[in-house]
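As numbered in the numbering used here, residues 9 to 686 make up the sequence shown, in order.
Just so you know, even glycine gets a beta-carbon here, dropped at the ideal spot from N, CA and C.
Remember, predicted model here, so these are calculated numbers, not experimental data.
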Amino acid sequence: MTALRELLKSRFGFTDFRPSQEQVCEAVASGRDALLVMPTGAGKSLCYQLPGLARGGTTLVISPLLALIDDQVAKLKALGFRAEQIHSGRTREDSRKACVLYLQGELDFLFIAPERLGVRGFPEMLERRRPGLIAIDEAHCISEWGHDFRPDYRRLGERLRGLRPTPVIAMTATATPVVQEDIVQQLGMAGAERFIQGFRRTNIAIRVHEVPPSGRAHACRTVLKDTGRCPAIVYAPTRKAAEEVAAELKSVFRAEAYHAGMTPAAREDVQTRFLSGKLDVIVATVAFGMGIDKADVRTVVHAGLSGSVEGYYQEIGRAGRDGKPSVAILLYSYADQRTHDFFFNRDYPEVETLQKIYKSAGEAPLPPLPKEALREKAGKLDPETFEKALEKLWIHGGVRVDPEENVARGDPSWRRAYERQRKHRERSLQDMMGFARATDCRMLLFLRHFGDHGDKQGPCGSCDACGGTADQTRTLNEKERGIASLLLAACDDDGLSAGRLFERIVADEKGTSRREFEAVLEVLTRAKLLSVRTESFEKGSETISYRKVALTSQGARAKGSDLEALRVSASPWAEGEGEGRSSRKRKNRQASKKRASAAPDIAESLPPVSAGRLERLRSWRLQKARSQGVPAFRIFGDRVLFALIEHRPASLEELLEIHGLGPKLREKYGPEILEILR
Ligand code: ADP
Ligand code: MG
């Protein structure tokens with residue numbers, strides 16, 4: 009095996025293996041299948057590149073992101089290797105040349121996107137000269153649990169069959185044991201050697217604080233004021249939250265927001281200033297902050313609960329890339345769970361809803377049903393829920409949908425797959441809440457979560473749990489207990505609005521602040537003595553939403569001693585802030601609610617000019633769907649379609665205001681859409 013070391017030095021110019029690379033390289037070079045789970049930056053690429061060279065022949069690399077492929081090919085070429093790529097971003101001529109080089113045995117590495125294996129004749133071409141090694145990057149995409157669901161990745165196992173017994177190495181930075189098992193199953197490599205390692209970060213101290221949403225901006229300001237806490241990244245759950253936190257921080261720091269609601273030029277400017285040290289803090293939404301690569305980030309603050317422990321781990325991985333001591337601070341409260349639950353229910357409709365659609369879809373030899381007819385037949389589901397459910401059903405193969413959105417029944421196996429995915433998502437949220445609430449060493453929790461069992465070192469010694477400061481809670485004080493009793497007495501199982509409830513409490517217990525009221529309400533909700541639901545009603549053209557508080561059966565039985573056992577956060581920022589802020593937030597929320605509910609039957613109420621525009625936009629969407637061979641809703645859904653017609657954005661900036669129209673879509677089609685709306 010000195011041969012590998014030799015290659016490491018002569019071809020890659022590295023003096024030594026990093027811990028854990030050598031073992032993987034040996035296993036793969038000797039022809040064994042491998043599953044490699046190591047965090048970002050740990051050096052996974054070498055683990056296929058080196059054994060690939062040692063084995064000889066071409067290493068076939070399957071990678072989902074075109075930008076990543078181009079980057080890797082450039083790096084390998086710079087090292088003097090013969091590397092090529094074939095993907096949709098290249099000309100036919102370039103791809104043809106790459107195939108010829110491959111067949112002549114002139115390539116060390118051939119990079120492809122997974123979709124390429126679905127192109128007729130391509131796998132057969134590869135079979136004419138089998139690769140020496142197959143490397144699959146970002147392998148978590150294969151798993152049906154992954155939310156980055158890519159149907160082409162799912163079919164990899166079956167499509168690669170013709171190339172076996174060439175060994176396969178599957179790599180990812182983020183896979184729990186369940187996902188690891190799924191990858192191995194899907195790829196048909198049950199005998200693969202598993203390397204799950206390197207998840208301990210020794211220079212990040214993790215702190216978790218329970219802080220209500222209204223107090224988070226202030227908490228960010230407080231934690232970042234300590235010396236040596238900047239540069240810092242703050243992750244905010246929404247664009248609005250990012251703006252609010254940035255506004256608060258600006259009074260003390262050079263801080264800017266960074267999210268999808270900004271133009272690419274504005275984002276670029278913020279990023280450049282941050283990278284060059286001209287900004288102290290960048291307040292990003294998770295979707296956007298992941299591209300920020302700066303070695304000396306000292307603090308990562310989460311102003312809200314992440315959706316999964318894997319996601320959270322990746323996000324705090326932005327801290328301390330330079331190896332120097334850094335801090336990760338998570339601010340969360342029970343309110344985050346409600347927010348996540350709301351999105352979960354919106355994005356993962358009930359299995360029974362999908363079942364209704366599945367049953368109503370025409371079965372061959374009947375002709376497929378138009379989408380609207382299907383919605384009627386399935387019991388007039390609300391259009392937004394219907395579209396979401398239809399998309400999920402399509403992803404899992406339960407229906408076939410053509411670009412015109414005619415729907416035919418598909419394969420009944422969708423049910424199991426969807427149920428599993430939905431459960432997995434639900435459990436991810438629970439795990440994250442569990443992580444926040446836990447009082448064990450945070451680093452050990454991570455290791456356990458990923459299944460990094462080789463790491464036998466003990467607790468990290470630097471997180472809040474190790475320092476004995478986790479679980480900062482206290483029992484209710486006398487006033488709070490009084491408010492709690494009043495709350496339980498004022499509610500019944502029908503429920504009433506939080507605003508009305510507050511008025512009643514103030515009438516009885518003079519001097520109760522909104523903050524005290526909210527804190528006690530949260531405690532009682534968490535203890536399941538009260539329940540809180542978001543409800544809405546129409547007032548004129550506006551949708552007003554409010555929280556409805558009801559007594560649970562447990563709450564109806566509660567006694568004074570139950571209240572004595574309740575605990576609230578004793579974190580220094582648990583208090584939250586004044587009320588001006590939260591009422592502003594409420595207004596914003598209403599505004600976006602209103603926007604979201606752009607009525608689907610708007611077409612009827614629009615003047616004829618707009619109807620023409622609607623039709624033009626619709627047929628443009630259809631044409632895009634046809635050229636990509638996907639249902640129209642995959643370009644964008646009806647909700648976005650109607651919002652575009654109603655608000656008629658006139659510039660790229662205004663396009664950002666359309667909810668559900670992400671930056672990718674805007675950059676790709678923005679100008680075309682604006683042209684149609686003109
Ligand atoms: P991953 O894919 O795990 O995120 P990469 O393979 O991109 O990580 O590697 C991250 C960085 O580490 C790269 O710049 C790479 O050149 C470097 N690297 C990898 N292995 C070694 C090594 N043995 N010695 C020094 N640097 C290494
Ligand atoms: Mg990588």
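| query | result |
| --- | --- |
| C-beta atoms of Ala375 and Glu413 nearer than 8 Å | Position check: residue 375 holds Pro in this sequence, whereas Ala was assumed. Cβ atoms of Pro375 and Glu413: not closer than 8 Å. |
| Straight-line gap, Ala106 to Leu168 (C-alpha atoms, nearest Å) | 19 Å |
| Assigned secondary structure, Ile70 (DSSP; H/G/I helix, E/B strand, else coil) | strand |
| Chain-order list of residues whose beta-carbon lies under 8 Å from that of Leu684 (same chain, five-residue window excluded) | Per the sequence presented here, residue 684 reads as Ile, with Leu not at that position. Counting only Cβ-Cβ distances below 8 Å, and skipping sequence neighbours, we find Arg621, Arg624, Leu625 and Trp628. |
| Exposure of Ser18, with buried meaning 16 or more beta-carbon neighbours within 10 Å | exposed |
| Neighbourhood of Val335 by C-beta distance below 6 Å, restricted to the same chain and skipping five residues each side | Ala213 and Thr307 |
| N-terminal and C-terminal residue of the beta strand (DSSP E) that Tyr689 is part of | Any question about residue 689 goes unanswered here, given that the chain covers just 9 to 686. |
| Validate contact between the stretch 444–452 and the stretch 423–432 using beta carbons, cut 8 Å, 3 pairs | no |
| Three CB pairs or more closer than 8 Å across the stretch 67–81 and the stretch 141–149 | yes |
| Simplified DSSP state of Arg565, which is helix, strand or coil | helix |
| Sufficient close CB pairs (3 or more, under 8 Å) joining the stretch 19–27 to the stretch 164–179 | no |
| Cα-Cα separation between Ile681 and Asp516, rounded to whole angstroms | 57 Å |
| Any non-hydrogen atom of the ligand MG within 7 Å of Asp301 CB | no |
| Contact under 8 Å by Cβ, Leu313 with Met451 | no |
| Boundaries of the beta strand (DSSP E) in which Leu44 is found, first to last residue | Ala42 to Val45 |
| For Val528 and Glu488, believed in contact at Cβ under 8 Å, the rounded distance | 5 Å |
| Cβ contact (3+ pairs, closer than 8 Å) linking the stretch 309–325 and the stretch 239–248 | yes |
| Unbroken beta strand (DSSP E) run spanning Glu384, endpoints | Looking at the DSSP string, Glu384 is not in any beta strand (DSSP E); the run it does join, the alpha helix (DSSP H), is Lys379 to Lys385. |
| Classification of Gln80 by the beta-carbon crowding that lies within 10 angstroms, buried from 16 upward | buried |
| Burial state of Phe510, where buried means 16 or more other Cβ atoms lie within 10 Å | buried |
| Beta-carbon contacts of Pro27 that lie in its chain and below 6 Å, excluding the five residues immediately before and after | none |
| Contact test: Leu54 Cβ vs the ligand ADP heavy atom, cutoff 7 Å | yes |
| Distance, Asp41 Cα to Leu61 Cα | 16 Å |
| Met298 beta carbon near the ligand ADP (any heavy atom closer than 7 Å) | no |
| Given Gly503 as reference, the closest of Asp570, Ala535 and Arg541 once Cα atoms are compared | Arg541 |
| Cβ-heavy atom distance, Gly387 to the ligand ADP, below 7 Å | no |
| Reduced DSSP category for Arg90 - H, G, I as helix; E, B as strand; rest coil | coil |
| Cβ-Cβ separation, Pro671 to Ala75 (assumed contact under 8 Å), whole Å | At roughly 15 Å, the Cβ-Cβ gap does not stay under 8 Å, so Ala75 and Pro671 are not in contact. |
| Backbone CA spacing between Arg589 and Leu257 [nearest angstrom] | Residue confidence for Arg589 is low, a pLDDT of 41 falling below 50, so the modelled location carries little weight and cannot support an answer. |
| Residue ranges of each alpha helix (DSSP H) within the stretch 450–491, 4 or longer | 450–458 |
| DSSP state of Phe117 mapped onto helix, strand, coil | strand |
| Cα-Cα separation between Glu201 and Asp116, rounded to whole angstroms | 24 Å |
| Spatially closest choice to Ile204 from Gln188, His217, Thr210 and Met197, by CA coordinates | Gln188 |
| Status (buried if at least 16 other CB within 10 Å, exposed otherwise) for Gln93 | buried |
| Per DSSP, cross-strand counterpart(s) of Glu412 | DSSP, once it has assigned bridges, lists no residue as partnering Glu412. |
| Counted within 10 angstroms of its Cβ, other Cβ atoms place Glu250 as buried (16 or more) or exposed | Here residue 250 is Ala; the residue named in the question, Glu, does not match the sequence. Its Cβ being crowded by 16 or more others within 10 Å, Ala250 is buried. |
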